[in-house]
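> Before anything else, here's the structure in question.
Number of protein chains: 2
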Amino acid sequence: MTPVKPSLELLRSLSDEHVLRALMRAGRLTRAELAVQAGISKPTVSESMRRLTEAGLVVDTGDRTTGRGRIGTYYGLAPSAGTALAISIAPAGVVAERLDAHGTVLTRTTRPLTRPARPELVAAALTAAVEAVRSAVGPARVATVSAADPVDRVTGRLVHLPDAPFLVGELDPVDLLAAYVTGPVTVDNDVNWAARAERDQGAAGDDFAYVYLGEGLGCAVVSAGEVLRGHAGLAGEIAHLITVGPGGRAMPFTEVFAALRLRQPSSTAIDVPALLGAGADVLAVIGTAVAGVLAATVALADPAHIVLGGPWGSEVPDVVGAAFAHLPRHVPVRPAAVADEASLAGVRAHALRSLRDAIIAART
Amino acid sequence: MTPVKPSLELLRSLSDEHVLRALMRAGRLTRAELAVQAGISKPTVSESMRRLTEAGLVVDTGDRTTGRGRIGTYYGLAPSAGTALAISIAPAGVVAERLDAHGTVLTRTTRPLTRPARPELVAAALTAAVEAVRSAVGPARVATVSAADPVDRVTGRLVHLPDAPFLVGELDPVDLLAAYVTGPVTVDNDVNWAARAERDQGAAGDDFAYVYLGEGLGCAVVSAGEVLRGHAGLAGEIAHLITVGPGGRAMPFTEVFAALRLRQPSSTAIDVPALLGAGADVLAVIGTAVAGVLAATVALADPAHIVLGGPWGSEVPDVVGAAFAHLPRHVPVRPAAVADEASLAGVRAHALRSLRDAIIAART
DNA sequence: TCTTCTAGTAAGGAGTCCTGACTAGAAGCT
DNA sequence: AGCTTCTAGTCAGGACTCCTTACTAGAAGA
Chain A
1 MTPVKPSLEL LRSLSDEHVL RALMRAGRLT RAELAVQAGI SKPTVSESMR
51 RLTEAGLVVD TGDRTTGRGR IGTYYGLAPS AGTALAISIA PAGVVAERLD
101 AHGTVLTRTT RPLTRPARPE LVAAALTAAV EAVRSAVGPA RVATVSAADP
151 VDRVTGRLVH LPDAPFLVGE LDPVDLLAAY VTGPVTVDND VNWAARAERD
201 QGAAGDDFAY VYLGEGLGCA VVSAGEVLRG HAGLAGEIAH LITVGPGGRA
251 MPFTEVFAAL RLRQPSSTAI DVPALLGAGA DVLAVIGTAV AGVLAATVAL
301 ADPAHIVLGG PWGSEVPDVV GAAFAHLPRH VPVRPAAVAD EASLAGVRAH
351 ALRSLRDAII AART
Chain B
1 MTPVKPSLEL LRSLSDEHVL RALMRAGRLT RAELAVQAGI SKPTVSESMR
51 RLTEAGLVVD TGDRTTGRGR IGTYYGLAPS AGTALAISIA PAGVVAERLD
101 AHGTVLTRTT RPLTRPARPE LVAAALTAAV EAVRSAVGPA RVATVSAADP
151 VDRVTGRLVH LPDAPFLVGE LDPVDLLAAY VTGPVTVDND VNWAARAERD
201 QGAAGDDFAY VYLGEGLGCA VVSAGEVLRG HAGLAGEIAH LITVGPGGRA
251 MPFTEVFAAL RLRQPSSTAI DVPALLGAGA DVLAVIGTAV AGVLAATVAL
301 ADPAHIVLGG PWGSEVPDVV GAAFAHLPRH VPVRPAAVAD EASLAGVRAH
351 ALRSLRDAII AART
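Below, the structure is given as structure tokens:
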């Protein structure tokens, strides 16, 4: 709505941004190559390089071209330009990775967790993991965090919803990580990150829904390439969505598993092994219940198709698909394409984008 | 992701855009006032004005300042800069308005429709209405259309969904209006436009859901200020959402009204007068059914609150609110703030934005 | 050894924005 | 009435950015 003010400073800043982004993509380039990549004339690139090297963001890598003509000098991002933290917090443990602006994973560490998760132990594991991937060049610029619980959109804190299992527990990642990072800390739900990974890597397109079925139940709606977050960040928490239960009774999704006695003792978490070992009749009931959830998703969000992920979500697409096909409006159901550390993949991609933006913005 | 190429042309274009937008906001301004409004120096404004008057987008309005110092000349957008069409197509009739770039309604006409709507009659009424608001200065640049049926996101055609009433019928507004407009024709569902009007004018915020309850059933989810459209544009078509019916049975929303015998004869449209005259027990069932829909909306989209609109939606917030309050996750329910021609209000706002963008883009 | 080719720099031109000074012209004050 | 004050718009000059063209340095190939 309000376009930026026209000024010569804007032009200069855009030139620098083009040069930096080209270097981020390619790793190292000569001035001549940069001119081609960035679509800018050689003299202008030279001017920009002078500014960026002075600012300490770009350095001569020492490498030289070998070819016909005069040897060229390769330039690349300075190591001190900054790194990003990509972190995943799940009931099984904490994973922390440090990335540079090219997207390379520099360090990685994991810290197991015991169950049930106790807040102070989770916090300690998180801090320890971050300490372990510390680097010599100084603090990271940005951090991106995936958590296996609902996340408050504004504060980034983990939230406990009624009748949903609290897998990770009371935690404030923004507060814990503030000391290790100079820029923004982004926190979101693991299902949302997995959906973003599916969008980026799978052939999922820009409008689909990702339904996660594990101990907890979650859903991410991707519309026009963006994950729907909602007012408080609790979009996709489908535990209370009303669907078809045993005997055709209407009941909240989570209570279907209570009615089928598929919950873990003294918890609202689903007993996944028991579910996977259940008989065909029980699975049919589950299929119908999931199909009801899918019907709601299709009615409200109109996805091109639905991706099923999670420990048991990837095991039941046929049962669910069969029940779903009976409904008047249905769309294809397919298992997730990104299976291995799906949410961490989404976190990495965001951390990289966020780091690059931070570096671009850093040059005053 | 890909920033624009830095060039002096970019600067010039930005200056012109600032000047044009200031003129659109204020109506008429002197060069000195423009310099202040647009945040640009006086000589630069003069240069920009020279270009824009040459392009025919800006004219001397003939007015002069009266004040202490030298008299100034007021400049304004040229009438030939362009106009926009704002159109609403509902079962009751077609409304067409012509707006200028300041948002003033220049002409307005309505064409009644007989029921049930027949496609060729609707098309004729639409064409007649557009002809009636024709202006002497030439064709409109853009058109924005609201239709009381689901709209295909890509083609703009009206779509008939199973078990939903087809109120307007087979119609291709983009094709019909192409002859009257040089720029884009935007078509969307009336509920989506009403939700946008609610966002702009009411105190609805940027994350809410608008549930429309009339002869047809609709819902618009506004997230981060944007209306969720979905893959084919059919997001919010809640007729098949599974909810609680009579006797606690799970059934699609639309079938609740069939079970209660509240449908119009030989149609899936709801008999609104009968519904409003129904007894407390029937209303309680309806309240529970709507609450089930709201539960799905809250679970999937996490709105800050829910707005109820439509002929009978604004009559039942208490009944619905009571049933909704029993559910574990509920949010405030309120009637719509924009009651009168809500969707046309949303259409107008979009037509204005679209026209302004088209004018900005027009200056090559 | 000479030619060919390429990386990087230098020089000059075009274009844009800004500041500050200047002119024209009307309103208000004495 | 005449002077002062104030404002709209223009002019001149400076700073800056980008581009094209030409040039230099230096290595590989013939």
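Which chain is which? The protein sequence lines are A and B, in order. For what it's worth, UniProt numbering labels the leading residue of the first sequence as 1, then goes sequentially. For what it's worth, UniProt numbering labels the leading residue of the second sequence as 1, then goes sequentially. Heads up, the beta-carbon is just placed ideally off N, CA and C, and yes, glycines get one too.
On the premise that L99 of chain A lies in contact with L352 of chain A, defined as a C-beta separation below 8 Å, what is that separation, rounded to the nearest angstrom?
Rounded, the Cβ-Cβ distance is 6 Å, consistent with contact.
> Taking all protein chains shown into account, do 16 or more other C-beta atoms lie within 10 angstroms of the C-beta of S146 of chain B, making it buried, or fewer, making it exposed?
With 16 or more other Cβ atoms within 10 Å, it is buried.
> What does DSSP give as the partner residue(s) for I89 of chain B in the beta ladder?
DSSP output for I89 of chain B lists B:V94, B:A147 as bridge partner(s).
> Going by other Cβ atoms of all chains shown within 10 Å of its Cβ, with 16 needed for buried, is V95 of chain A buried or exposed?
Its Cβ being crowded by 16 or more others within 10 Å, V95 of chain A is buried.
> For I238 of chain B, does the count of other Cβ atoms within 10 angstroms reach 16, so buried, or fall short, so exposed?
I238 of chain B should be labelled buried.
> Is D175 of chain A helix, strand or coil when you go by DSSP?
Three-state result, D175 of chain A: helix.
> Are the C-beta atoms of residue 443 of chain A and some chain B residue less than 8 Å apart?
Not covered by the structure: residue 443 of chain A. The range shown for chain A is 1 to 364.
> Can you give me, in chain order, the residues of the region 240-257 of chain A that have a beta carbon less than 9 Å from any beta carbon in chain B?
So the list reads H240, L241, I242, T243, V244, G245, G248, R249, A250, M251, P252, F253, given in the order they occur along the chain.
> D163 of chain B versus chain A: which residues are under 7 Å apart at the beta carbon?
Under the 7 Å cutoff, chain A gives P328.
> Answer with yes or no whether the minimum CB distance from V320 of chain A to chain B is below 8 Å.
No, no contact with chain B.
> Smallest Cα separation from H326 of chain A: which of A:G309, A:G310, A:G346, A:V290?
Of A:G309, A:G310, A:G346, A:V290, the residue nearest in Cα terms is A:V290.
> Quick check on L276 of chain A: does DSSP put it in helix, strand or coil?
It is helical.
> I need the DSSP call for I286 of chain B, collapsed to helix, strand or coil.
Three-state result, I286 of chain B: helix.
> Go to D63 of chain B, then tell me how far its beta strand (DSSP E) extends in each direction, as first and last residue.
Unbroken beta strand (DSSP E) run through D63 of chain B: 58-64.
> Could you tell me the alpha carbon to alpha carbon distance between residue 365 of chain B and P165 of chain B, rounded to whole angstroms?
A query on residue 365 of chain B cannot be resolved here, the shown segment of chain B reaching from 1 to 364 and no further.
> Show which residues of chain A have a CB atom less than 8 Å away from the CB atom of L229 of chain B.
In the sequence as presented, Leu is not what sits at residue 229 of chain B; that position holds Arg. What R229 of chain B touches in chain A: S223, A224, D302.
> By Cβ distance below 7 Å, which residues in the same chain neighbour T268 of chain B in space, the five residues on each side in sequence not counted?
Within the same chain, T268 of chain B has close Cβ partners D163, A164, P165, T254.
> In three-state DSSP terms, what is L8 of chain A?
In the structure shown, L8 of chain A sits in a helix (DSSP, three-state: H, G or I).
> Pull up the CB-CB distance for A299 of chain B and L294 of chain A, whole angstroms please, since I reckon it's below 8 Å.
13 Å between Cβ atoms; not a contact.
> Can you name the residues of chain A whose CB is closer than 9 Å to the CB of I359 of chain B?
The contacting residues do not exist; I359 of chain B stays about 14 Å from chain A at best.
> Taking 7 Å as the cut-off, is the beta-carbon of A22 of chain A closer than that to any non-hydrogen atom of the ligand GTP?
Summarising the ligand content, the structure contains no ligands, and the ligand GTP is consequently not present.
> So K5 of chain B contacts chain A; which residues on that side make the cut at Cβ distance below 7 Å?
Those are G39, listed as they occur along chain A.
> Using a Cβ-Cβ cut-off of 8 Å (strictly less than) and excluding sequence neighbours within five positions of I40 of chain A, which residues of its own chain qualify?
Correct list, in chain order: S15, H18, V19, L34, S48.
> Does the distance from the C-beta atom of V307 of chain B to that of A178 of chain B stay below 8 Å?
In this structure, A178 of chain B does not lie closer than 8 Å to V307 of chain B by Cβ.
> Name the chain B residues whose beta carbon is nearer than 7 Å to that of E17 of chain A?
Per Cβ cutoff of 7 Å: P3.
> Nearest chain B C-beta to T297 of chain A closer than 8 Å, yes or no?
Judged by the 8 Å Cβ criterion, T297 of chain A is in contact with chain B.
> Just confirm the distance between the C-beta atoms of S314 of chain A and P335 of chain A, as a whole number of angstroms; I'd bet it's less than 8 Å.
Confirmed, Cβ separation roughly 5 Å.
> Tell me the rounded alpha-carbon separation between E198 of chain A and A86 of chain A.
For E198 of chain A and A86 of chain A, the distance between alpha carbons rounds to 17 Å.
> Just to make sure I have the definition right: I need the residues of chain A whose C-beta is within less than 9 Å of the C-beta of L106 of chain B. Which are they?
Result: empty, since nearest Cβ-Cβ is about 24 Å, beyond 9 Å.
> Taking C-beta to C-beta, are S135 of chain B and L106 of chain B nearer than 8 Å?
Result yes, Cβ atoms of S135 of chain B and L106 of chain B sit closer than 8 Å.
> Check the C-beta distance from D206 of chain A over to G236 of chain A and give it rounded, since I have them as a contact under 8 Å.
In fact, because the Cβ distance is near 17 Å, the residues do not count as touching under 8 Å.
> Do A78 of chain A and V58 of chain A count as a contact pair if the criterion is CB distance below 8 Å?
Yes. Within cutoff.
> Could you tell me which chain B residues have their CB closer than 9 Å to the CB of E170 of chain A, listed as they occur along the chain?
Within 9 Å Cβ-Cβ: nothing; E170 of chain A doesn't reach chain B, min ~19 Å.
> On the DSSP bridge assignment, give the partners of T186 of chain A in chain order.
Answer by DSSP bridge pairing, in chain order: A:T144.
> Please confirm whether Q37 of chain A and A26 of chain A have their CB atoms less than 8 Å apart.
It is a contact, given that the beta carbons lie within the stated cut-off.
> What three-state label does DSSP hand G67 of chain A in the structure shown?
The answer is coil: DSSP assigns G67 of chain A none of H, G, I, E or B.
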